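Here is the structure we will look at, set down as structure tokens.
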Amino acid sequence: MAVVASIRRQVQLCIGKVGLPVGSLVYVRQGRRENSALAYDEDWLASTARFNVSADLQLMAGHQSHKAASLHDSVFHGAIADTAPDAWGRRVIARDHAKRRKGDPQLPALTEMDYLLAVDDFSRVGALRLRDPDGTWQRTTTDGQRSTPPLIELERVFLASRAVERGDETAEDLRYLQGKGTSLGGMRPKCTLIDEDGRLAIGKFPSVGDARSVTRGEVLALKLAALAGIDAAPARIVLLGEVPVAVIGRFDRDQADGRIPYQSAASLLQASREDDRSYTEIADAIRANGYAPAQDVRQLWRRLVFNLLITNVDDHLQNHGFLHVAHGQWRLAPAFDINPFPDKERESKTWLSEQDGPITDVGMLLARAAYFGLDQAQARAVLAEVHAAVANWRQVALSAEVGLRQVELDDFAPAFEHEQMAQVDSLLR
Ligand SMILES: Nc1ncnc2c1ncn2[C@@H]1O[C@H](COP(=O)(O)OP(=O)(O)OP(=O)(O)O)[C@@H](O)[C@H]1O
Ligand SMILES: [Mg+2]
């Protein structure tokens with residue numbers, strides 16, 4: 018009988034800018050079976066700073082194990098998985114590995130732990146950090162902080178990203194990209210960068226297959242969100258020659274580069290990617306774990322109205338996040354990854370409630386407003402504010418900071434001008 022190869026790797030889980038130890042994380046793979054386990058350190062459990070870093074863990078001693086609930090889920094606990102590279106980052110890492118394997122056929126296949134550790138420590142999302150037993154932060158590039166490029170180097174990152182998308186990248190392109198914090202979650206080509214003010218930001222590039230200016234569309238959506246009373250990540254377009262890059266400020270770092278703990282709604286709800294989960298469950302989780310629950314559930318309802326009216330239908334649970342305030346209490350993170358989808362049906366991915374199903378019209382939202390702490394008069398006031406902001410989309414789109422051209426507006430119009438806008442308009446009369 019063949020011996021099943023087994024792999025075991027242990028790292029230290031730490032938190033924050035100073036890297037306070039939190040626990041130890043073990044990854045085990047035996048044949049095709051994989052799992053991970055986290056054990057909080059006694060010192061962390063006794064510390065006044067202690068809190069439960071991920072909703073699927075408990076603040077207690079002993080190993081707490083985790084395995085993937087489905088093929089599409091992570092082997093790691095929710096908040097740790099939130100720091101792992103998703104599609105785009107994995108693509109860069111896997112391509113680099115495949116190239117190196119050609120030169121060195123003995124190189125073992127990548128494990129989920131390798132992907133997790135391939136993320137740049139400097140730009141890893143949230144406050145969780147991983148350290149090898151020998152004390153090395155994972156992953157640290159040779160020149161540390163300087164591996165995150167300043168705005169001025171963005172063109173090189175973009176050209177290398179383009180090459181990866183086309184499949185004609187060089188080994189240097191990949192090595193360069195891997196140091197550049199490309200390993201954030203998500204599908205689209207992007208990197209982290211240091212903005213002109215010295216703060217960490219995300220640069221999102223146009224993708225080879227884009228039929229419209231997706232990056233300007235995202236900046237437009239984030240600006241409209243702010244006008245609609247939504248706390249949204251700050252965004253602007255930076256031109257690389259003709260190429261519009263969306264530069265979005267990171268909300269998980271403070272003024273002094275401190276790291277703010279983060280977990281996605283998927284983590285907070287302990288959701289599998291295969292389940293249909295709903296906003297009323299997010300509201301329940303906010304009530305159970307929130308620092309300012311009354312405000313946040315109302316803010317959530319406002320975002321639901323906004324998403325419907327701009328046809329942002331990519332509202333999966335990784336696209337909603339929470340930032341830790343203190344003592345295990347969390348606040349809704351600023352809105353991010355919101356985009357108008359003019360070519361899609363207006364139907365949310367996350368359901369309104371288990372009974373209601375996906376959000377398709379404003380009537381459903383009004384009927385459930387009370388669950389989010391709004392009476393009908395308050396809900397109508399929110400509708401009026403969001404409607405007014407969205408109705409102004411053409412003007413914002415043409416503004417210098419978004420920079421869409423008049424001829425491009427037709428590409429986006431179906432996302433902003435539709436029967437739901439008309440419906441709100443008539444409701445408000
Ligand atoms: N402004 C921000 N500050 C901090 N973290 C962020 C910010 N924007 C995004 N993130 C983190 O990076 C991840 C990827 O970003 P984003 O969702 O914008 O990318 P995407 O490629 O468009 O994703 P998707 O696969 O959902 O289309 C998010 O899931 C979130 O964890
Ligand atoms: Mg996303």
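Here the sequence shown stands for residues 18 to 446, where the numbers follow the numbering used here. Here a beta-carbon is modelled for each residue, glycine too, at the ideal position from N, C-alpha and C. Computed from a prediction, not measured in an experiment: that's the story for all the values here.
Distance CB(A386)-CB(W318) smaller than 8 Å
yes
So, for A238: in the same chain, excluding its five sequence neighbours on each side, which residues have a beta-carbon less than 7 Å away from its beta-carbon?
I327, N329, I355, N356 and P357
Classification of A273 by the beta-carbon crowding that lies within 10 angstroms, buried from 16 upward:
exposed
Quick one: Cα of L383 to Cα of V39, how far?
43 Å
Option in E436, N52 and R270 with minimal Cα separation from S87:
N52
Taking 7 Å as the cut-off, is the CB of Q335 close to at least one heavy atom of ligand 2?
yes
Would a C-beta distance cut-off of 8 Å place Q440 and V379 closer than the cut-off?
yes
For D354, is the beta carbon positioned less than 7 Å from some heavy atom of ligand 2?
yes
Beta-carbon gap between F175 and A300 smaller than 8 Å:
no
Cβ-based burial, Q372 [other Cβ within 10 Å; buried from 16]:
exposed
Buried or exposed by the 16-neighbour rule on C-beta atoms within 10 Å, applied to S284
buried
Under 8 Å by Cβ, that's how I've got K34 and R276 pegged, so tell me the actual separation to the nearest angstrom.
6 Å
Give the secondary structure of G95 by DSSP, where H, G and I count as helix, E and B as strand, and everything else as coil.
helix
Does V225 pass the burial test, meaning 16 or more other C-beta atoms within 10 Å, or should it be called exposed?
exposed
For F339 versus A242, is the C-beta spacing smaller than 8 Å?
no
Given the structure, does G345 come close to ligand 1, in the sense that its CB is under 7 Å from one of the ligand's heavy atoms?
no
Residues in its own chain within less than 7 Å of P206 by CB, not counting five upstream and five downstream?
W105, S178, E182, F222 and S224
Cβ pair D90, S289 closer than 8 Å:
yes
Nonlocal neighbours in the same chain, by C-beta distance under 7 Å from E172, ignoring five residues either side
L257
Check the C-beta distance from F268 over to P351 and give it rounded, since I have them as a contact under 8 Å.
5 Å
Leaving out the 5 sequence neighbours to the left and right, which residues in its chain are closer than 6 Å to V399 when beta-carbon positions are compared?
R319
Can you tell me where the beta strand (DSSP E) holding Y308 begins and where it ends?
Y308 -> no beta strand (DSSP E), and no H or E assigned at all.
Which one of A72, R229 and G143 has the shortest CA to CA distance from Y428?
According to the sequence provided, residue 428 is Asp. The question's Tyr does not apply to it. Nearest option by C-alpha distance: R229.
For I254, which residues of its own chain have a beta-carbon under 8 Å away from its beta-carbon, when the five flanking residues on both sides are left out?
T232, R233, V236, P261, V262, A263, V264, E418, V419 and G420
Just curious, the alpha helix (DSSP H) that F389 is in, first and last residue?
Per DSSP, F389 belongs to no alpha helix (DSSP H) and is neither H nor E.
Would you mind stating whether L210 and T165 have Cβ atoms separated by less than 8 Å?
yes
Can you give, in chain order, each stretch of the beta strand (DSSP E) that sits fully within the region 204–271 and has at least 3 residues?
207–211, 217–221, 252–257 and 260–266
Which whole runs of the alpha helix (DSSP H) in the region 368–435 are 4 residues long or more, in chain order?
379–384, 393–408, 410–415 and 426–433
Answer yes or no: the CB of I32 versus the heavy atoms of ligand 1, is any distance below 7 Å?
no
Considering only the alpha carbon of each residue, which of Q346, H114 and I32 lies closest to T187?
H114
So, helix, strand or coil for V4, using DSSP?
Absent from the structure is residue 4, since the part of the chain shown begins at 18 and ends at 446.
One or two residues paired with L30 in a DSSP bridge:
G40 and L147
So the candidates are G345, Q27 and E425; which of them puts its Cα closest to the Cα of G152?
Q27
Alpha-carbon to alpha-carbon, M130 and R10:
Summary: the structure shown does not reach residue 10, with the chain confined to residues 18 through 446, and so no result is reported for it.
Just the Cα atoms here: how many angstroms apart are Q162 and D214?
For Q162, the pLDDT reaches just 49, beneath the cut-off of 50, and the residue's location in the model is therefore unreliable, leaving the point undetermined.
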